[in-house]
Each structure stands twice: as structure tokens, then as C-alpha cells.
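Numbering (the numbering used here), first residue to last: 3 to 325.
One structure below.
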């Protein structure tokens, strides 16, 4: 940890903000004090924009925040860095620091991209992470240093100790690489290569010792499921002390099973068993009894993205005492 979790900007259901960036209840009143059973130590797994959204939500209520991030991306700036430097994909790691940073100019510019020349398309934060690793820092140490630089309120960790690739089995053929997997259909099984890759011990400690583990939202196979596939992560999830909350996407993901029940079946088939599914209150799909479903107003105006403050308020009630 680099500091106590802080409140972040967000909108209430009518779109207003208060002076602290925390959503107002109807009538302009400040939010009610958090319940005693609110999770204190929270670990979020995933990748991409979905994980960043969850982190912005989690930092509104948790005192200790840890992100466990899939580093299997092989597209865009991350893919180019992997191809040229051989290191981990930095893009999703960078997005976590954007979500957990202190709002300084450095935090704000981590996602700034070069235009033109050999650096065209590279994000500043991607190069910072790759540079620290290339200079001899181990990946966890490099990420801790970036966290210090941006004043992150939580810790960002890679799901695996070294770079991995995703391989999907469709029943007829195998598809390799995150970009290709994202475009594939009919996936019946997903795995990492190498399959016996280890995870940093800090990841195991964070997952098993958390009061709550949050999975999603995001691309189902390439972000959500991918972050759970390392053997050490699966063992830590099985030994967790807090509930595992699956945050459902607001709109269908092109790569994911269409129904929540189908997603739960895929997760369970890979050894991941959520304790509760959190869905938006306008969600109408019937979900079987695989696990409890919590409905809450978690979307921003327009219904296409999650509102961090609203999502945080809902996640804060997903503790063992409240399920």
C-alpha cells in the first residue's frame, strides 16, 4: 500500500457530484456512513478497462486495495513491447495505476501516447514499466516503484511471474494469442502457455487474505477468466476467506457467453466459483441458483458504463455478513 484508499470522482443517478467527488443521495445529502461489515481488504482480478473501473469503485470504500492483472496481452503497444523486449504486457498494469494514482500530472499522463516515429502509439506508462523491468528491476519491484511515483492507494501485481500467452480450444482447432482469442467464437476451454507458470507470492497472499475478491467487469475470456488461470491463483481463490463477487458486464461482450448462467458454468469449469453476481438493477435476465444475485443501480447515465461511486456502494455491501 502507498496510502489509505481515497474517495474518487463519480456521479449520482442524476449526474451530480459533490465537492469530494462522492455521489450525493437524493435531496443532496451526503452518503450514509459505511456499514461495519464493509470489506476492508479487497483484491480485484482482471484486466483492461473493466479492472480499472472496479479499482475506481473499490477505492471508495476499501482501506487496502490490490489489483491482480493478466499480462497476456499481445496487441497494440503492449504487443510491440513484448515482441521487442520480451517482457510482460504493460498496458493493463498501466491502467490500474491510472485508476489508483493520486491525480498528479504524472498519473494523468500515464496513458498519453506518442505520435510519429518509432514510438508511435506507445503509451508513456507502458514505456515506464518496460523501462524499469529492462533496467533490471524484477516485475513486482518495478510495479511497486511506479506505484510510489504516482502515489497509488493500492498495490498492482501481475497474475503471473513471467509473460504468458492465451490459448483457446474451440473444439475444432486451437487459437493462440489474446488478440486472436478475443475474436474467436465457440471457445470451450482456455489455458495459459506455459501452463505451469507461477504467480508472485504477494498475489497468493493478497487473494487468500482479502475480505472480498472482485472479478470483472471486462472481456470475459481475455480479461476476467485469463486473470484466474495460473495454478497459484486458482489455489488462492479456493483458499480465500472472503466472498468472490463477479461484476456482470452492462452490455454483451462479443467474446463472452451471452447468458450469466453460461458464464458461471465456464468459470466453474475452470475451477472458479463466485459467491455472488452483481448486476445492474435494470438487468432482466433470469439467473439460476448457481449463486446469489445482487441487483443494484451501478450504471452511469446512459447505461453503457459502470459508475465508480455507485459500483463502490454496491460492492461495499457484498461482504460475508451481508450475503
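C-beta: ideal position from N, C-alpha, C; glycine also.
Owing to the predicted nature of the structure, the values given are computational and were not obtained by experimental measurement.
Inset, instruction - Note down the Cα distance separating residue 35 from residue 89, rounded to an integer number of angstroms. - result: For this step, residue 35 is matched to residue 33 along the chain shown. For this step, residue 89 is matched to residue 87 along the chain shown. Its pLDDT being 43, under 50, residue 35 is placed unreliably by the model, and nothing is read from it.
Inset, instruction - Answer yes or no: do residue 202 and residue 155 have a C-beta to C-beta separation smaller than 9 Å? - result: To locate residue 202, count along the chain shown from 1; it is residue 200. To locate residue 155, count along the chain shown from 1; it is residue 153. With contacts defined as CB atoms closer than 9 Å, residue 202 and residue 155 fail to qualify as a contacting pair.
Inset, instruction - Compute the Euclidean distance between the alpha carbons of residue 287 and residue 261, then round it to the nearest angstrom. - result: Numbered from 1 along the chain shown, position 285 holds the residue referred to as residue 287. Numbered from 1 along the chain shown, position 259 holds the residue referred to as residue 261. About 8 Å.
Legend entry - Under 9 Å between C-beta atoms of residue 313 and residue 276: Numbered from its first residue, the chain shown carries residue 313 at position 311. Numbered from its first residue, the chain shown carries residue 276 at position 274. Going by C-beta atoms, residue 313 is not nearer than 9 Å to residue 276.
Inset, instruction - Report yes or no: do three or more beta-carbon pairs, one from the stretch 182-197 and one from the stretch 112-131, lie closer than 8 Å? - result: no
Inset, instruction - Could you tell me the boundaries of the beta strand (DSSP E) in which residue 191 lies? - result: Stepping through the chain shown from its first residue, residue 191 is reached at position 189. 191-195 is the extent of the beta strand (DSSP E) around residue 191.
Inset, instruction - Would you mind reading off the limits of the beta strand (DSSP E) that contains residue 159? - result: As a working note, residue 159 is residue 157 in the chain shown. Segment 157-160, the beta strand (DSSP E) holding residue 159.
Inset, instruction - Using alpha carbons as the reference points, say which of 165, 212, 207, 225 lies closest to residue 41. - result: Residue 41 sits at position 39 when you count from the first residue of the chain shown. With distances taken between Cα atoms, residue 41 lies closest to 212.
Inset, instruction - Return yes when the Cβ of residue 64 is within less than 9 Å of the Cβ of residue 97, no when it is not. - result: For the purposes of this step, residue 97 is identified with residue 95 of the chain shown, where counting begins at 1. For the purposes of this step, residue 64 is identified with residue 62 of the chain shown, where counting begins at 1. No, the pair does not count as a contact, with Cβ atoms beyond the cut-off.
Inset, instruction - Verify whether the separation of the beta carbon atoms of residue 251 and residue 93 is less than 9 Å. - result: As a first step, residue 251 must be located in the chain shown, where it is residue number 249. As a first step, residue 93 must be located in the chain shown, where it is residue number 91. Their beta carbons are not under 9 Å apart, which means residue 251 does not touch residue 93 by this criterion.
Legend entry - Nearest-angstrom Cβ-Cβ length linking residue 162 and residue 73, presumed shorter than 8 Å: Walking along the chain shown from the start, residue 162 turns up at place 160. Walking along the chain shown from the start, residue 73 turns up at place 71. Confirmed, Cβ separation roughly 6 Å.
Legend entry - Limits of the unbroken alpha helix (DSSP H) element including residue 112: Counting from 1 along the chain shown, the entry for residue 112 is found at position 110. Premise fails: residue 112 is in no alpha helix (DSSP H) and is neither H nor E.
Legend entry - Extent of the continuous beta strand (DSSP E) run through residue 320: Reading the chain shown from its first residue, position 318 is the one you call residue 320. Note, residue 320: premise wrong, no beta strand (DSSP E); not H, not E.
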